[in-house]
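This report concerns only the one structure given below.
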Amino acid sequence: QMAAEPVNVSEFQELARLALPKMYYDFYCGGAEDQHTLRENLEAFRRITFRPRILIDVSRVDLSTSILGYNISMPIIVAPTAMHQLALPEGPIREVATARAAATSNTIMILSFTSSCTIEEVAASCNAVRFYQLYIYKKRDITATLVQRAEKNGYKAIVLTADTPRLGRREADIKNKMIAPRLKNLEGLFSTKVTSDGGSDLEAYAKETMDPSLCWKDIGWLRSITKLPILIKGVLTREDGKIKFIPRLNSVVLTLDILPFAARKAVQVGVDGIIVSNHGARQLDYSPATISVLEEVVRAVEGRVPVLMDGGIRRGTDVFKALALGAQAVLVGRPVIYGLAAKGERGVQRVLEMLKDEFELTMALSGCPSVKDITRRHVTTEHERLH
Ligand code: FNR
Numbered sequence: 007q008m009a010a011e012p013v014n015v016s017e018f019q020e021l022a023r024l025a026l027p028k029m030y031y032d033f034y035c036g037g038a039e040d041q042h043t044l045r046e047n048l049e050a051f052r053r054i055t056f057r058p059r060i061l062i063d064v065s066r067v068d069l070s071t072s073i074l075g076y077n078i079s080m081p082i083i084v085a086p087t088a089m090h091q092l093a094l095p096e097g098p099i100r101e102v103a104t105a106r107a108a109a110t111s112n113t114i115m116i117l118s119f120t121s122s123c124t125i126e127e128v129a130a131s132c133n134a135v136r137f138y139q140l141y142i143y144k145k146r147d148i149t150a151t152l153v154q155r156a157e158k159n160g161y162k163a164i165v166l167t168a169d170t171p172r173l174g175r176r177e178a179d180i181k182n183k184m185i186a187p188r189l190k191n192l193e194g195l196f197s198t199k200v201t202s203d204g205g206s207d208l209e210a211y212a213k214e215t216m217d218p219s220l221c222w223k224d225i226g227w228l229r230s231i232t233k234l235p236i237l238i239k240g241v242l243t244r245e246d247g248k249i250k251f252i253p254r255l256n257s258v259v260l261t262l263d264i265l266p267f268a269a270r271k272a273v274q275v276g277v278d279g280i281i282v283s284n285h286g287a288r289q290l291d292y293s294p295a296t297i298s299v300l301e302e303v304v305r306a307v308e309g310r311v312p313v314l315m316d317g318g319i320r321r322g323t324d325v326f327k328a329l330a331l332g333a334q335a336v337l338v339g340r341p342v343i344y345g346l347a348a349k350g351e352r353g354v355q356r357v358l359e360m361l362k363d364e365f366e367l368t369m370a371l372s373g374c375p376s377v378k379d380i381t382r383r384h385v386t387t388e389h390e391r392l393h
């Protein structure tokens with residue numbers, strides 16, 4: 007018998023499994039191909055242990071932090087995830103419920119490009135700090151319109167997801183013949199209904215829309231059409247982490263050079279932050295677990311811009327490990343969906359609260375009264391144990 011109130015994120019996952027049709031549950035929890043990276047995203051956290059310090063006053067533990075100048079109650083923010091309508095079919099609120107829960111937790115919500123609610127609906131119904139996640143379509147004017155709508159509606163940053171020139175092969179969706187609902191944000195912009203012949207509609211839709219020619223120089227184009235800060239989501243290597251920060255030049259379109267740099271590709275574009283992510287293991291299988299490459303990227307970035315990470319955060323201890331390895335904050339994807347599917351807005355709120363409480367306890371038990379007290383020397387990686 008299942009306890010009425012779940013006590014951790016995994017129990018929320020089980021409730022979500024019971025609540026959702028198989029097609030949608032598989033869509034939410036699945037990864038690409040062999041799902042090796044999906045397992046690794048979780049397993050890699052288990053191989054990191056703590057070096058807790060004792061006899062430090064932790065009668066007050068301060069979890070608050072700031073990202074791009076926005077103060078938040080904890081370094082845990084809501085990752086962009088697609089189509090909340092599938093998790094919360096009743097009523098029109100969907101991403102609005104998620105955004106409200108983020109607001110209650112006093113944290114940031116990143117609205118997915120492929121949301122069920124519109125940019126405007128989410129903006130109108132909650133006062134959470136919101137970022138807007140962007141995909142770049144072959145039809146650039148569609149992208150530009152959405153960026154302008156996000157800016158006009160008070161979203162504070164653009165999160166450009168850069169790991170999806172094509173959609174990863176998600177075999178559960180292919181088998182289930184996953185049906186893609188229409189995207190409300192694109193009404194009147196992109197009307198073609200795309201269906202696959204006997205596979206995943208999502209894959210067919212992505213193939214039709216996503217621009218696989220997108221490259222680093224296009225960040226310059228994006229900067230030319232918005233004043234918002236830009237974060238790049240999907241960095242997994244030091245090569246891509248070597249992004250040189252160029253101060254934003256007011257309304258000047260930057261001419262970008264791709265420079266050879268110490269025999270590796272170094273890219274000189276202006277970005278305001280990067281997110282270490284493998285898209286929740288849904289794109290390239292056998293990509294490394296994000297927590298295992300975080301430090302490599304953090305070193306390459308050399309503090310020029312904030313580094314965030316996502317993938318496999320299920321416990322407060324995971325949040326602590328990511329911060330110890332240099333992340334300024336983490337994003338949570340599936341846990342939020344599990345909360346939404348199990349108990350709507352209240353479920354998302356509970357999931358965020360659980361992670362927060364666990365993280366606070368981890369800080370106390372490790373001897374860190376504030377997030378800036380969390381250092382590299384508070385964790386041991388498997389690599390360090392073996393050498
Ligand atoms: C995603 N993710 C994602 N990312 C993005 O940039 N745009 C999107 O629309 C989506 N959609 C999406 C749907 C679902 C069902 C999942 C599980 C994930 C990736 C997401 O932002 C994030 O990188 C991962 O979810 C993080 O891993 P965890 O927390 O799910 O393990």
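In UniProt numbering, the protein residues as written are 7 to 393. From the three backbone atoms N, C-alpha and C, an ideal C-beta is built for every residue, glycine too. In this text, all values refer to a predicted model and were calculated from it rather than measured experimentally.
query, result
"Taking the alpha-carbon of G322 as reference, which of S372, T296, G350 and V299 has the nearest alpha-carbon?", "S372"
"Following a CB-centred definition, is N191 positioned closer than 7 Å to any heavy atom of the ligand FNR?", "no"
"Considering only the beta carbon of each residue, do S122 and K190 sit closer than 8 Å?", "yes"
"How far does the alpha helix (DSSP H) with R244 in it extend, from its first residue to its last?", "R244 to G247"
"Quick check on the DSSP output: what are the complete beta strand (DSSP E) runs of length 3 or more inside the stretch 310 to 357, in order along the chain?", "313 to 316 and 335 to 338"
"Report buried or exposed for R391, applying the criterion of at least 16 other Cβ atoms within 10 angstroms of its Cβ.", "exposed"
"Given that a residue counts as buried once 16 or more other Cβ atoms are within 10 Å of its Cβ, and exposed if not, what is N248?", "Reading off the sequence shown, one finds Lys at residue 248, where the question assumed Asn. When all chains shown are included, K248 counts as buried."
"Do A348 and F18 have their C-beta atoms closer together than 8 Å?", "yes"
"Roughly how many whole angstroms lie between the Cα atoms of S111 and T124?", "22 Å"
"Under a three-way DSSP split, which group does I280 fall into?", "strand"
"Secondary structure at D263, three-state DSSP: helix, strand or coil?", "Residue placement at D263 is flagged as unreliable, the pLDDT there being 37, under the threshold of 50; the coordinate-derived value follows with that caveat. Here D263 sits in coil by DSSP."
"Could you have a look at V258 and say whether DSSP puts it in helix, strand or coil?", "Low per-residue confidence applies at V258: pLDDT is 32, beneath 50, and the placement is therefore not dependable enough to give any value."
"Taking 7 Å as the line, does the beta carbon of N77 fall inside it for any heavy atom of the ligand FNR?", "no"
"Under the three-state reduction of DSSP, which class applies to G240: helix, strand or coil?", "strand"
"Return the residue from the list H389, G204 and L69 that minimises the CA-CA distance to K378.", "L69"
"I want to check one thing, is the minimum distance from the CB of S206 to the heavy atoms of the ligand FNR below 7 Å?", "no"
"Please report the residue range of the beta strand (DSSP E) in which I82 lies.", "I82 to V84"
"I'd like the list of long-range same chain contacts for R155, defined as Cβ closer than 6 Å, with 5 residues on each side in sequence excluded.", "I125"
"Which first and last residues belong to the beta strand (DSSP E) in which S72 is found?", "T71 to I73"
"Would you tell me roughly how many angstroms separate the C-alpha atoms of L61 and R53, rounded to the nearest one?", "26 Å"
"Have a look at residue 402 and A328 and give me their C-alpha separation to the nearest angstrom.", "The requested residue 402 does not occur in the structure, where the chain is confined to residues 7 to 393."
"In or out: N182 buried (at least 16 other Cβ within 10 Å) or exposed?", "buried"
"Where do the N-terminal and C-terminal ends of the beta strand (DSSP E) with residue 397 fall, by residue?", "With the chain running from 7 to 393 in the structure shown, residue 397 is simply not present."
"N47: buried (16+ other C-beta within 10 angstroms of its C-beta) or exposed?", "buried"
"Give the straight-line distance between the Cα atoms of I236 and R244, rounded to the nearest whole angstrom.", "19 Å"
"Would you check whether the ligand FNR has a heavy atom nearer than 7 Å to the C-beta of P341?", "yes"
"Take I82 as the anchor and find which of T71, Q91, G75 and A295 has the nearest alpha-carbon.", "T71"
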